[in-house]
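Numbering (this note's numbering), first residue to last: 229 to 598. The block underneath contains the structure these notes are about, expressed in structure tokens.
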């Protein structure tokens, strides 16, 4: 075994949460961003993002994420605010953006459909690129994209059921419908040069669309580069030296951490295991990782978004790919409210899930991970 193969893969997490007051109304984070390193505003007013640094072990990642969240919640208690781990706010009309050139450009390029993105809160999992294996890592994460269903946390958009994974449908099929190559799951790549060509092509399309919408090229280029102008769910990130999976919803910290550890475990297994693409089923064994053909991945992912892990074929597929599906408890499938869910009921739901987040932080044991 080489020295690099024996080194742990660093991993990090970014999680977005809705901020509410004691009545369940969406509010701005305010000074919550000062509660801990890694707490930042998002591009819409009622969202707070909490990030970790790159961590070498599951325990380190867990302690850092939970420590930062606990610091935010202590500050939130003092301010009469709470955090909500739901991928949509269940029912909300207009969600205001924080003014910036980036959001102004995106609104011009995407048009009215950009409103769908304002209703989304998600999780990003970064894993360190491994020398000579980054493309295998990318393709493997593309193949396991249906695992997003393991943490689906809201089926609602503006009070009505949209899909088990409402956020993923909002992003992939509604927000970027006019620029479909930007937000959809991309197919496998053969090498980094092919990835770079795709980035440049999508970037050129984005800049052209912005100019056609009346924007100045210099302003667009000053705010976006080829890497930051795309929103496809799985990305090679040269800036961070990671492969990033952006599909999962925001969810309870314990669920997010378990998913991150499963993903990292798969990446660890990949270090010394050949990866190939063949057939429709896919499997992970001690000797090889077999990824299904991309059309099959799209079918699994579409079913996972629409109907969750209970969709035909999704649970067996995830099981073959090494996930212990029963270890997860996605809350999206548990919602059973008369529709439309009223604004009053939405506030109750947000308060309930804010309480669940607080309880989850009290129950998680950092030592249990390693």
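Note that CB positions come from ideal geometry on N, CA and C, so glycine has one too. Being a predicted model, the structure only gives us computed values, none of them experimental.
Report the CB separation of residue 225 from residue 461 in whole angstroms; it is logged as a contact under 8 Å. Residue 225 lies beyond the range of the chain shown here (229 to 598); nothing can be said about it.
If you check the beta carbons only, do residue 245 and residue 312 fall under 8 Å apart? yes
Using 8 Å for Cβ pairs, my map puts residue 243 next to residue 478. What's the rounded Cβ distance? 6 Å
Span of the alpha helix (DSSP H), counted from its first residue to its last, around residue 372: No alpha helix (DSSP H) holds residue 372; DSSP gives it neither H nor E.
Could you give the DSSP three-state label for residue 239: helix, strand or coil? strand
Since residue 556 contacts residue 448 with CB under 8 Å, what's their CB separation in whole angstroms? So it is not a contact: roughly 40 Å between Cβ atoms.
Under the three-state DSSP convention, the category residue 430 falls into: helix
Residue burial classification, residue 392 (beta-carbon count within 10 angstroms, cutoff 16): buried
Could you check which residue in 287, 352, 315 has the C-alpha nearest to that of residue 468? 352
If distances are taken between C-alpha atoms only, which option among 525, 553, 526, 548 comes closest to residue 538? 553
List the endpoints of the continuous beta strand (DSSP E) containing residue 499. Note, residue 499: premise wrong, no beta strand (DSSP E); not H, not E.
Measure the alpha-carbon distance for residue 273 versus residue 515 and round it to whole angstroms. 48 Å
Boundaries of the beta strand (DSSP E) in which residue 267 is found, first to last residue: 267–269
Option nearest residue 248 by Cα separation, candidates 564, 316, 340: 316
Distance between residue 412 and residue 207 (C-alpha atoms, nearest Å): The structure shown does not extend to residue 207, since the chain spans only 229 to 598, so no value can be given for it.
Along the chain, where does the beta strand (DSSP E) that runs through residue 465 open and close? 462–465
Cβ pair count under 8 Å reaching 3, the stretch 318–336 against the stretch 417–432: no
Proximity test, residue 383 beta-carbon vs the ligand SAH heavy atom, cut-off 7 Å: Judged by which ligands are present, the structure shown has none, so any question about the ligand SAH falls away.
So, residue 364 versus residue 503, is the Cβ gap smaller than 8 Å? yes
Using only CA atoms, which one of 297, 567, 429, 486 lies nearest to residue 590? 297
Helix, strand or coil: which one does DSSP assign to residue 468? coil
Spatially closest choice to residue 471 from 415, 574, 329, 361, by CA coordinates: 361
Identified DSSP bridge partners for residue 246: 275, 312
So, is residue 531 buried or exposed, given that buried needs 16 or more other C-beta atoms within 10 angstroms? buried
Can you check DSSP and say which residues form a bridge with residue 511? 518
Nearest to residue 324 (by Cα), restricted to the options 513, 446, 466, 344: 344
What does the alpha-carbon distance come out to for the pair residue 398 and residue 347? 8 Å
Give me the Cα-Cα distance between residue 525 and residue 370, rounded to the nearest whole angstrom. 8 Å
Starting from the C-beta of residue 439, find all residues in its chain whose C-beta is less than 8 Å away, skip the five residues before and the five after it, and write them out in chain order. 445, 448
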